[in-house]
Structures are given as structure tokens and as C-alpha cells.
């Protein structure tokens with residue numbers, strides 16, 4: 055049974071004449087590591103937003119764990135799917151890097167030394183610990199990207215959807231990110247990477263979906 | 311009718327000023343009755359009024375607040391000796407709502423205008439270009455900011471913050487928490503924008519030319535004259551209706 059499925063989904067943005075996504079059918083099993091690739095404006099991010107229920111398709115259905123995505127609240131979707139936007143600035147809303155990681159954990163009921171331990175571990179792992187008291191919006195683009203990824207990783211969702219995660223990250227931190235994703239991937243977390251970074255996706259993903267002009271051009275396994 | 315933007319600005323200003331000056335519900339009601347055909351004449355998108363249905367609760371709150379502070383009239387709702395709602399309070403509450411609707415209607419006259427022409431009109435009215443440009447940027451960036459704010463709220467909820475199921479105090483705390491980064495983000499954008507403008511030679515030359523042009527035609531002057539005359543008649547009518555309603559205490 056697929057964990058996420060899109061069945062004959064189409065989506066057209068208001069004010070546009072051409073649909074961003076045309077009659078797409080895709081299924082994602084638990085624990086898969088998938089690269090969603092394609093040219094700029096081909097519909098990759100739209101597919102991600104449809105999977106997350108942030109956009110409602112004009113045609114077709116999207117299901118998560120065998121239930122229509124519309125039946126879930128955003129909070130419930132967030133418990134299952136972790137999403138990092140292409141523009142991390144929109145995801146950073148607290149006054150310190152530490153609070154950014156702790157925000158979701160606090161809402162999950164994690165408190166005290168347990169909370170501190172999780173935050174410390176993840177920030178140290180990504181070499182962000184020295185920046186813990188800085189305001190996220192004052193960081194470089196790459197650092198912001200990593201903080202946003204860490205904030206989502208800390209919540210341990212069943213599936214991770216990362217939109218251009220390596221866009222502004224340096225080689226050193228890119229390797230750390232790759233190792234971390236490989237690690238959580240081995241533990242059973244599904245990963246969908248939307249990226250133009252061929253090297254990164256080749257090292258991580260075992261399935262590649264190429265999107266062209268709002269349609270799935272190819273969908274196959276990678277060795 | 312296709313009128314010059316300055317004529318529409320004049321009409322909008324007249325309605326706004328009259329709506330602010332007068333407080334009597336009958337006069338405001340009359341102004342609202344006059345406004346509706348004017349909006350139709352100016353081909354204003356009246357459907358936009360429908361968008362304000364979401365403010366229904368705000369209207370109710372306005373009526374209730376107004377009712378609480380205006381004494382007099384027959385009590386409609388009371389607890390013990392305290393009059394919570396009186397007929398006078400209700401009438402003045404309705405007046406506040408009517409004023410609000412008139413102001414929105416006057417604003418809608420400008421919504422239908424071409425933004426570039428509106429800004430050009432302001433320039434021709436000797437409003438400094440910097441201010442006109444700031445208004446233009448404001449109009450341009452409002453949808454962007456709303457989009458970003460919406461993405462931020464999506465991210466907040468996807469990280470487990472169930473704002474619908476917690477106490478209002480906690481929701482307020484979340485809003486307070488994100489307020490500083492939000493303002494900081496806006497200031498950051500403004501700074502980046504100012505650098506980009508400098509780099510593109512903003513205000514390098516004192517005079518600017520415009521691709522679009524606007525010109526007052528005969529019909530504009532006729533409409534302005536008719537509007538002025540109608541305004542005088544309206545004020546005179548209001549004076550006749552009751553001396554209490556003379557604006558600016560001119561008696």
C-alpha cells in the first residue's frame with residue numbers, strides 16, 4: 055500500500071492559462087528515497103505542495119496513508135511529512151537558532167533536559183551549535199537552509215520532502231547533510247529530494263522521477 | 311464612464327470626507343444611497359463588497375461597542391439596572407457600520423483604477439515622487455508579504471503548533487514570538503530593496519518621464535463641477551435636516 059499517492063492530479067494556478075501539473079499519477083512507498091528532477095517551472099514544487107495538501111488539486115485525488123489529504127489538518131500532515139521550502143526564510147520565525155529547533159519539539163511536549171539534548175545533538179551534528187543564539191534571519195542563506203532542515207529533522211517525520219536542500223550549502227555541510235539523510239533513510243524515513251544537484255541525488259536516491267512541462271517524463275529506479 | 315484618475319480621486323475624497331465629518335445615521339444612510347449609483351456609474355467592481363462579508367463579526371462588534379457607550383433611548387437589553395443595548399446605541403452602531411461601508415466604497419473607486427495611472431496622477435498633483443514610489447512599492451509588496459506570511463503560518467502548523475486547539479493566550483504568545491522576526495524580515499527586505507534601487511540609479515535625474523499619459527477631458531471638468539454642486543446641495547440639505555449636523559461646528 056503506497057504511503058503517498060497522487061491519482062490523475064491536475065493543478066492550475068489562478069490567473070494562469072496553462073496547468074502547472076497535468077494528470078499526474080505517482081505513488082510513494084514508505085522508506086523510498088526519491089529524486090524529483092526537471093527543468094525550472096516544470097511543476098516539481100507544485101507536486102510537493104499538492105502532496106502536502108498546501109494546494110488543492112482541481113482534478114484527481116491525493117492520499118496520505120490511504121486517507122484523502124483533505125481529511126488531515128496541517129498539524130497532522132506535519133506529524134507525518136516534514137517539508138523544507140525552497141526559500142528557507144519563510145520557515146524561520148523565532149528569535150534564535152536554538153528556539154527554531156525547539157519550537158516543534160515543545161509543541162510535541164518535549165521539555166527540559168530531553169529537549170536540550172535533542173537540540174544540542176542536532177545543532178552540533180550540523181556544526182551549527184556556535185550559532186545557537188543568533189537570529190536565524192541574520193544567517194547566510196546556506197546556514198538558514200540548514201537550520202530549516204534541522205528544525206524539520208528534529209521532529210522525525212515518516213517522510214521528508216526537501217525542496218532544493220543543497221541550493222546554498224557549502225561542500226562541507228553538504229556532506230554532513232548527505233550523511234544525515236542516508237542515516238535517517240536507513241532507519242526507514244522516506245525522502246523526496248527536489249533538486250538540480252545531480253551528484254547529491256545520485257548518492258542518496260534510488261528512484262528518479264523526471265518532470266517535464268507538468269507531466270511525468272520518466273519514473274525509474276537508479277542503481 | 312472612463313474618467314481621468316484625478317476625477318475619481320476627487321469623488322473618492324468627497325465621499326470619504328463627508329463620511330468622516332457626519333455622524334448622524336440618517337445623513338450617512340443618505341450618503342450611502344447616493345454612493346451606490348455613483349459606484350455603478352464609475353464601473354466600480356461592486357462584487358468586491360461581497361469580499362467584506364468576512365468582516366460581518368467586526369460590524370457586530372462595532373455595533374455592540376457603540377451601543378455600550380451611547381446612552382439614551384429605550385433599553386433593548388439590560389442586566390439589572392445596567393442598560394447593555396439601547397435604541398440610540400443601536401442606531402449609532404449602525405451609523406458606524408455605514409461610515410465604514412462608505413469609506414470602503416470610496417476606496418473601491420480607486421481599486422478599479424490602473425495603478426500606474428493613479429501614481430502618475432499623484433505625481434501630477436505635485437506629490438513628491440519618493441512618496442508616490444513608496445505607495446507603488448506598498449501596493450506591489452502587499453501580496454508578496456501576505457504570501458510569505460501564509461507560508462510561515464503553514465510552517466508553524468506543520469511543526470506541530472495547533473493554533474486552533476489551544477488557549478487564546480498561547481496563540482497570542484506564538485504571534486508575539488514571531489512578531490520580531492517578521493518585522494526584522496520586512497526591514498531586511500526594505501534594506502535590500504534600497505540597495506538595489508541605488509544600484510539601478512534611483513533619482514539619478516530630478517525629472518522622470520512616463521510611458522503612460524493622463525489628461526483631463528471636458529467630461530472630467532463637468533463631473534467635477536457636478537460633484538462639487540451636489541456636495542454643496544448635500545451639505546445644505548444636512549443643515550436643513552438638523553442644525554446639530556453642521557460640520558466643523560460652523561454655527
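Residue numbers (my numbering), protein chains in the order written: chain A, 55 to 277; chain B, 311 to 561.
Ideal Cβ placement from N, Cα and C applies to all residues, glycine included.
Just to confirm, are residue i and residue j a CB contact at a threshold of 8 Å?
i                      : j                      : result
residue 100 of chain A : residue 109 of chain A : yes
residue 182 of chain A : residue 207 of chain A : no
residue 189 of chain A : residue 150 of chain A : yes
residue 158 of chain A : residue 469 of chain B : yes
residue 143 of chain A : residue 209 of chain A : no
residue 355 of chain B : residue 442 of chain B : no
residue 75 of chain A  : residue 92 of chain A  : no
residue 204 of chain A : residue 87 of chain A  : no
residue 397 of chain B : residue 386 of chain B : yes
residue 467 of chain B : residue 135 of chain A : no
residue 211 of chain A : residue 133 of chain A : yes
residue 524 of chain B : residue 317 of chain B : no
residue 471 of chain B : residue 484 of chain B : yes
residue 343 of chain B : residue 321 of chain B : no
Helix, strand or coil for residue i, going by three-state DSSP, please let me know.
i                      : result
residue 165 of chain A : coil
residue 558 of chain B : Low per-residue confidence applies at residue 558 of chain B: pLDDT is 44, beneath 50, and the placement is therefore not dependable, though the value from the model is reported in the following sentence. It is helical.
residue 359 of chain B : helix
residue 117 of chain A : strand
residue 533 of chain B : helix
residue 407 of chain B : helix
residue 62 of chain A  : strand
residue 261 of chain A : strand
residue 73 of chain A  : coil
residue 544 of chain B : helix
residue 385 of chain B : strand
residue 153 of chain A : helix
residue 249 of chain A : coil
residue 443 of chain B : helix
residue 380 of chain B : coil
Mind pulling the chain B residues with CB within less than 8 Å of residue i?
i                      : result
residue 145 of chain A : 461, 462, 465
residue 148 of chain A : 487, 488, 491
residue 205 of chain A : 469
residue 133 of chain A : 470
residue 164 of chain A : Under the 8 Å cutoff, chain B gives no residues; its nearest Cβ is about 10 Å from residue 164 of chain A.
residue 161 of chain A : 469, 470, 471, 472
Among the options, which one has its Cα closest to the Cα of residue i?
i                      : options                    : result
residue 250 of chain A : A:127, A:90, A:169         : A:90
residue 520 of chain B : B:408, B:429, B:379        : B:429
residue 186 of chain A : A:156, A:211, A:120        : A:156
residue 254 of chain A : A:242, A:233, A:238        : A:233
residue 552 of chain B : B:325, B:314, B:334        : B:334
residue 214 of chain A : A:230, A:196, A:235        : A:235
residue 315 of chain B : B:356, B:427, B:371, B:508 : B:427
residue 496 of chain B : B:451, B:467, B:526        : B:451
residue 345 of chain B : B:382, B:368, B:412        : B:412
residue 55 of chain A  : A:85, A:168, A:176         : A:85
residue 246 of chain A : A:219, A:230, A:266        : A:219
residue 339 of chain B : B:524, B:492, B:407        : B:407
residue 121 of chain A : A:241, A:240, A:57, A:184  : A:57
residue 95 of chain A  : A:242, A:111, A:112, A:72  : A:72
residue 66 of chain A  : A:81, A:114, A:83          : A:114
If the cut is a Cβ gap below 7 Å, which residues of chain B does residue i touch?
i                      : result
residue 137 of chain A : 468
residue 157 of chain A : 469
Tell me which residues share the same chain as residue i and place their Cβ nearer than 7 Å to its Cβ, disregarding the 5 neighbours each side in the sequence.
i                      : result
residue 79 of chain A  : 60, 61, 62
residue 224 of chain A : 196
residue 1 of chain A   : It is not possible to answer for residue 1 of chain A, since the shown part of chain A is limited to 55 through 277.
residue 257 of chain A : 232
Using C-beta distances below 6 Å, list every residue in its chain close to residue i, excluding the 5 sequence neighbours before and after it, in chain order.
i                      : result
residue 271 of chain A : 264
residue 123 of chain A : 107, 116
residue 541 of chain B : 324
Residues in its own chain within less than 8 Å of residue i by CB, not counting five upstream and five downstream?
i                      : result
residue 425 of chain B : 446, 449
Can you name the residues of chain A whose CB is closer than 9 Å to the CB of residue i?
i                      : result
residue 501 of chain B : The premise fails here: residue 501 of chain B is roughly 12 Å from chain A at the closest Cβ pair, so nothing lies under 9 Å.
Starting from the beta carbon of residue i, find every residue of chain A whose beta carbon is closer than 7 Å, and list them in chain order.
i                      : result
residue 458 of chain B : 144
residue 511 of chain B : Per Cβ cutoff of 7 Å: no residues; residue 511 of chain B is ~27 Å from chain A at best.
residue 498 of chain B : 191
At a CB-CB cut-off below 9 Å, which residues of chain B make contact with residue i?
i                      : result
residue 189 of chain A : 490, 491, 494
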